[in-house]
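**Q** What follows is a structure written as structure tokens; I'll ask about it next.
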Amino acid sequence: METAYLQKHLGACLTQGLAEVARIRPVDPIEYLALWIYKYKENVTMEKLRQKEMVDLERERELALMEQEMMERLKAEELMFQQKQLELEMQEQERQRLEELQRAQEHLEKMRMNMENVAKSEDTSYLEDTAADSGKTLAEISDRFGAPKLSRVEEVDEPMLSDVALNIDQDL
1 METAYLQKHL
11 GACLTQGLAE
21 VARIRPVDPI
31 EYLALWIYKY
41 KENVTMEKLR
51 QKEMVDLERE
61 RELALMEQEM
71 MERLKAEELM
81 FQQKQLELEM
91 QEQERQRLEE
101 LQRAQEHLEK
111 MRMNMENVAK
121 SEDTSYLEDT
131 AADSGKTLAE
141 ISDRFGAPKL
151 SRVEEVDEPM
161 LSDVALNIDQ
171 DL
């Protein structure tokens with residue numbers, strides 16, 4: 001049982017230390033072996049600490065990579081969100097522009113209708129005035145002082161030349 005304990009806890013250390021003492025052959029081998037065992041323990045402790053730090057560093061590196069991937073996803077999502085916002089703003093501006101255009105077209109249509117109504121009413125009032133005035137003479141229509149009081153003269157249509165008379169003139 002003691003040999004198993006010694007083998008488990010001191011086996012590698014003592015074997016290496018004794019091999020070192022045999023190779024170097026110091027003046028005081030016991031002191032040299034004692035110092036070598038202290039240095040061995042310090043080296044083993046430092047190696048365990050280094051191994052632990054390596055594991056911690058690897059874990060931190062993995063966390064940093066995951067965080068970096070998360071940040072890249074967040075940036076991509078933010079960029080996509082900004083693009084969607086920009087698209088929505090552009091659609092809203094387009095919708096507003098179309099509404100303004102439609103309102104302007106409706107306004108122009110109303111103005112055109114009003115102009116047509118005004119023109120029709122002017123035409124009808126002009127026709128009414130001309131119809132009322134058609135039987136009157138210039139003197140009756142004019143309210144100027146000293147306008148001549150001429151009688152009305154009706155014009156008679158002149159007889160039109162027939163096609164035969166025109167053909168005769170062309171033959172000559």
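Positions 1 to 172 (this note's numbering) are the ones given, in order, by the sequence shown.
Even glycine gets a Cβ: it sits at the ideal position worked out from N, Cα and C.
#1: Quick check on the DSSP output: the alpha helix (DSSP H) that includes Arg-23 runs from which residue to which?
#2: In whole angstroms, what separates the C-alpha of Asp-56 from that of Gln-68?
#3: Do you know offhand how far Ser-121's Cα is from Met-111's?
#4: Quick one: measure Cβ to Cβ for Val-21 and Leu-33, integer angstroms, because I've assumed they're closer than 8 Å.
#5: Confirm, please, whether the CB-CB distance from Gly-11 to Ile-37 is below 7 Å.
**A** The relevant details are as follows:
#1: 2-24
#2: 18 Å
#3: The straight-line gap from Cα to Cα measures roughly 15 Å.
#4: 5 Å
#5: no
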